[in-house]
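A.B. asks: Take this structure, written in structure tokens, and hold onto it; I'll ask about it next.
Protein chains: 2
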Amino acid sequence: MSNRYRELSVELGERSYPIFIGEGLLGTQDLSAFVSGAQVMIVTNETVAPLYLERAKASFPGKRVDTVVLPDGERFKDWQTLNSIFDGLLEHRHTRKTLLVALGGGVVGDMAGFAAACYQRGVPFIQIPTTLLSQVDSSVGGKTGINHPLGKNMVGAFHQPQAVLIDTASLQTLPAREVSAGLAEVIKYGLIRDQGFLGWLEEHMDALVSLDPEALAEAIFRSCACKAEIVALDEREGGLRAILNLGHTFGHAIETYAGYGNWLHGEAVGTGMLMAAELSALEGMISRDDCDRINRLILRAGLPDKPPVAMTADDFMGLMAVDKKNVDGLLRLVLLRSVGDAVVTAEASPENLALTFARFCSST
Amino acid sequence: MSNRYRELSVELGERSYPIFIGEGLLGTQDLSAFVSGAQVMIVTNETVAPLYLERAKASFPGKRVDTVVLPDGERFKDWQTLNSIFDGLLEHRHTRKTLLVALGGGVVGDMAGFAAACYQRGVPFIQIPTTLLSQVDSSVGGKTGINHPLGKNMVGAFHQPQAVLIDTASLQTLPAREVSAGLAEVIKYGLIRDQGFLGWLEEHMDALVSLDPEALAEAIFRSCACKAEIVALDEREGGLRAILNLGHTFGHAIETYAGYGNWLHGEAVGTGMLMAAELSALEGMISRDDCDRINRLILRAGLPDKPPVAMTADDFMGLMAVDKKNVDGLLRLVLLRSVGDAVVTAEASPENLALTFARFCSST
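Line by line, the protein sequences give chains L and V.
The letter at position 19 of the first sequence is residue 19 when you use full-length UniProt numbering, and the numbering goes up by one with no holes.
The letter at position 128 of the second sequence is residue 128 when you use full-length UniProt numbering, and the numbering goes up by one with no holes.
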């Protein structure tokens with residue numbers, strides 16, 4: 001590894017791993033040291049492959065590098081597509097010593113990571129996230145999985161990568177809509193744990209939206225540092241880690257309602273965070289001004305602030321009841337005790353939840 | 001739990017768990033203490049359900065017990081059948097606090113265990129094995145998974161159960177062919193690690209084949225004790241645990257060749273152990289007398305001592321090359337340094353391997 005990057009560590013004992021963040025890392029770093037055998041399998045998708053696959057292959061000199069190119073999109077985050085990774089591994093006779101590489105966004109990362117968790121009962125893998133959302137969120141922390149027709153991420157594993165390589169240059173090819181989706185998760189870190197970062201984001205949101213490299217690098221570093229800290233404290237989501245789900249229970253309902261892939265995950269989370277903020281205000285935890293402040297930042301990030309127009313309170317309730325954040329029938333939600341301090345609670349009143357839906361849903 | 005049983009422990013730190021072995025345990029023991037939530041999902045198959053499902057349900061008083069009944073057979077150890085378990089869990093809105101129960105043989109145990117490993121990224125489960133093979137082997141040790149068209153158990157996870165409940169009475173309903181298949185794995189423990197047990201088996205093989213309850217209970221106890229010891233020393237098969245695969249590399253080739261389910265796993269392992277013994281003799285590790293001794297015991301257990309009649313050396317080589325015991329192209333095999341002492345080696349000469357195939361294959 002050269003020295004033109006910043007490095008973080010996710011501290012998980014023998015499962016600890018580094019996160020490298022820098023401009024132009026992909027293709028200029030030798031990653032062979034992470035491969036214990038002779039084989040590497042790069043998993044990517046048809047959008048990312050033409051842009052970055054050759055550079056990724058060049059990162060493993062002296063190794064036999066095979067590739068699986070998946071179709072692009074959340075709707076392919078299913079068993080059938082996952083199985084095409086196993087097909088590729090078995091057709092090319094990859095052994096337990098192989099290394100998988102996830103080159104792409106969150107869907108590629110979740111699927112390649114889950115394939116690594118399951119192939120021959122577990123092989124190592126590296127995350128090379130190429131979208132803002134995956135760089136600041138899904139590539140760090142070891143959550144992997146696929147969707148089920150009855151719910152998102154219902155089938156999966158905790159499987160930590162050997163390393164995360166974040167090349168900030170890859171964001172320059174990212175569609176604006178996906179930049180916004182990633183910024184939703186960036187804003188989340190400020191809301192749940194870092195009021196100072198939220199202030200920094202309010203100062204630099206325009207720079208971020210216009211892809212200013214230095215602003216992006218700083219936002220990614222601070223986001224990953226926050227996530228790494230939370231994951232180190234609670235790897236398997238026994239408690240604290242659940243605050244990372246701010247806006248996600250509402251958001252998953254939106255994604256499922258809209259059909260996977262029609263709303264981007266970050267877009268749904270952005271609106272979901274506004275609904276969580278509204279409920280927090282109704283519960284008397286944050287002020288109306290706090291809500292307005294969050295709403296402004298979400299809009300400046302280019303994110304929607306309302307669920308799909310036809311979606312009703314009943315739609316939300318039906319879809320949220322099966323969400324896996326539930327434990328024995330209690331609807332657990334992440335709310336804001338104050339801006340910069342999240343809490344997981346099953347205590348929100350049904351009346352305030354109904355009022356939240358009433359304020360966000362145009363239809364009844 | 002009452003006191004009419006023997007108990008063993010698999011020592012794996014915070015993942016340690018008990019194995020209960022006794023006559024008539026199923027339906028007479030309260031297993032609710034293993035359930036942290038309110039929900040239980042029993043996974044079984046259409047053969048086992050009429051015999052034992054009601055008794056299994058009665059083991060969880062005060063809990064909401066749902067069931068998924070799978071079709072019976074190794075050929076259903078695939079994604080589609082696995083997914084029916086996820087369907088059942090999601091349709092009945094099981095949360096992360098659910099407990100899965102595997103009630104049946106090795107296929108049910110592997111699939112229910114893998115479903116538990118993956119559902120919402122991991123929930124607890126209990127093994128209630130009802131076949132001899134699953135009681136002495138697959139229910140202990142945490143290996144779970146499904147087959148892929150290109151290889152057995154290629155997709156799976158290490159996921160330890162909370163407990164294993166072995167009711168020896170369930171063997172009285174087991175077809176003779178499946179008893180024999182289980183005895184193959186029983187014999188294996190004697191061969192790889194316990195010469196004294198092998199002598200005991202030679203004395204009691206007739207009693208075992210005729211389902212003598214005391215002989216069965218003793219054989220199961222000693223087999224589980226041996227497996228528990230090996231698993232405790234090497235949970236994830238970094239080294240020692242691989243000796244449990246004696247005969248399995250040859251055996252998997254036979255199973256794949258014959259088509260899943262046409263040869264029982266234990267039958268293929270029985271013949272595979274004879275091939276491993278032959279190779280061990282050719283390598284000068286054990287004597288011809290040792291081979292004959294093992295062959296006699298395999299035949300007395302009612303097991304085949306030859307692979308399928310049309311299977312050639314080339315069939316074996318092609319199928320063994322992709323077996324997951326391989327690391328970077330080297331064919332690793334479990335051989336017998338002496339009777340009661342197995343070793344994993346990649347050193348067997350290709351000539352002796354060819355000679356082994358020549359002696360066991362009728363076709364060329």
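Note that beta-carbon positions come from the ideal geometry of N, C-alpha and C, so glycine has one too.
Predicted model only: the values in this text are computed from it and were never measured.
1) Taking Cβ-Cβ distances shorter than 8 Å, what residues in chain L pair up with V/G318?
2) Count the other CB atoms, across all protein chains shown, that sit within 10 Å of the CB of V/A358; report buried if there are 16 or more and exposed otherwise.
3) Mind reading off the beta-carbon distance from L/I192 to L/A342? Whole number of angstroms is fine, and I expect it under 8 Å.
4) Relative to the C-alpha of L/P124, which residue among L/T130, L/A176, L/G113 and L/L132 is closest?
5) So that I know if they touch, is there some Cβ in chain V lying closer than 8 Å to that of L/L336?
6) If you draw a straight line from the C-alpha of L/R55 to the C-alpha of L/T28, how long is it?
7) Within the 8 Å Cβ cut-off, does L/K324 reach chain V?
8) Apart from the five residues just before and just after L/V327, which ones in its own chain have a Cβ nearer than 7 Å to its Cβ?
9) Determine whether the Cβ of V/F221 lies closer than 8 Å to any Cβ atom of chain L.
10) Quick check on L/H252 - is its C-beta less than 8 Å from some C-beta in chain V?
11) For a cutoff of 8 Å on Cβ pairs, would you count V/N245 as touching chain L?
12) For the candidate residues L/K143, L/V136 and L/D194, whose alpha-carbon lies nearest to that of L/D167?
13) Write down the C-beta distance between V/I243 and V/M311 rounded to the nearest angstrom, noting that I regard them as a contact closer than 8 Å.
14) Exposed or buried, V/P308, counting other C-beta atoms within 10 Å across all chains shown (16 or more means buried)?
15) Name the DSSP beta bridge partners of L/G104, please?
16) By a C-beta neighbour count over all protein chains shown, 10 Å radius and 16 as the cutoff for buried, is L/G318 buried or exposed?
17) Do you know how far the Cα of L/G104 is from the Cα of L/A228?
18) What does the alpha-carbon distance come out to for the pair V/H252 and V/E214?
19) So, V/R177 versus V/L264, is the Cβ gap smaller than 8 Å?
20) Judging by CA-CA distance, which residue of V/R64, V/W79, V/F76 and V/D72 is the nearest neighbour of V/H94?
21) Does any residue of chain V have a CB that is nearer than 8 Å to the CB of L/R15?
22) Check whether the Cβ of L/S32 lies closer than 7 Å to any heavy atom of the ligand GTP, and answer yes or no.
23) Could you say which of L/A354, L/A184, L/L279 and L/G196 lies nearest to L/G340 if we only look at CA atoms?
24) If the criterion is Cβ atoms closer than 8 Å, does the pair V/V35 and V/A115 meet it?
25) V/L297 CB to nearest chain L CB: under 8 Å?
26) Quick one: list the residues of chain L neighbouring V/Q162, beta-carbon separation under 8 Å, in chain order.
27) Short check: CB of V/S287 to CB of V/L336, under 8 Å?
28) V/D305 by DSSP, collapsed to three states: which one?
29) Where L/I19 and V/L331 are concerned, what is the direct C-alpha to C-alpha distance, given to the nearest angstrom?
30) Using a Cβ cut-off of 7 Å, pull out every chain V residue sitting near L/H148, in sequence order please.
31) Within 8 Å (strictly less), CB to CB, does L/F158 reach chain V?
32) For V/G37, which of V/I128, V/E237, V/H159 and V/L100 has the nearest alpha-carbon?
33) Mind checking L/T364: buried by the 16 CB within 10 Å criterion, or exposed?
34) What did DSSP end up calling L/E203 once you bin it into helix, strand or coil?
35) Going by beta carbon distance, what residues of the same chain come within less than 8 Å of L/M162, once the five residues before and after it are set aside?
36) Taking Cβ positions, are L/A354 and L/G266 nearer each other than 8 Å?
C.D. replies: Judging by the given coordinates:
1) Here the premise fails: no neighbours, minimum Cβ distance about 11 Å.
2) Residue burial annotation: V/A358 is exposed, with fewer than 16 other C-beta atoms found within 10 angstroms of its C-beta.
3) 4 Å
4) L/G113
5) no
6) 8 Å
7) Confidence at L/K324 is low in this model, with a pLDDT of 47, below 50, so its placement is unreliable and the value that follows should be read with caution. Yes, because at least one Cβ of chain V sits closer than 8 Å to the Cβ of L/K324.
8) Low local confidence applies: a pLDDT of 49 at L/V327 is under 50, so the model's placement there is unreliable, and no value is given.
9) Not one chain L Cβ lies under 8 Å of V/F221.
10) no
11) no
12) L/V136
13) Between V/M311 and V/I243 the Cβ distance is about 25 Å, and since that is not below 8 Å, they are no contact.
14) That one is buried.
15) L/P129
16) Exposed: under 16 other Cβ atoms inside 10 Å.
17) 20 Å
18) 32 Å
19) yes
20) V/R64
21) no
22) Here there are no bound small molecules, and the ligand GTP is not part of this structure.
23) L/G196
24) no
25) no
26) Per Cβ cutoff of 8 Å: no residues; V/Q162 is ~16 Å from chain L at best.
27) Cβ distance not < 8 Å, so V/S287 and V/L336 don't count as in contact.
28) coil
29) 36 Å
30) F86 and L90
31) yes
32) V/L100
33) exposed
34) helix
35) According to the sequence as given, residue 162 of chain L is Gln; it is not Met. Excluding residues up to 5 positions away in sequence, Y17, F34, L99, P124, F125 and I126 lie with their Cβ nearer than 8 Å to the Cβ of L/Q162 in the same chain.
36) No, these two residues do not count as a Cβ contact at 8 Å.
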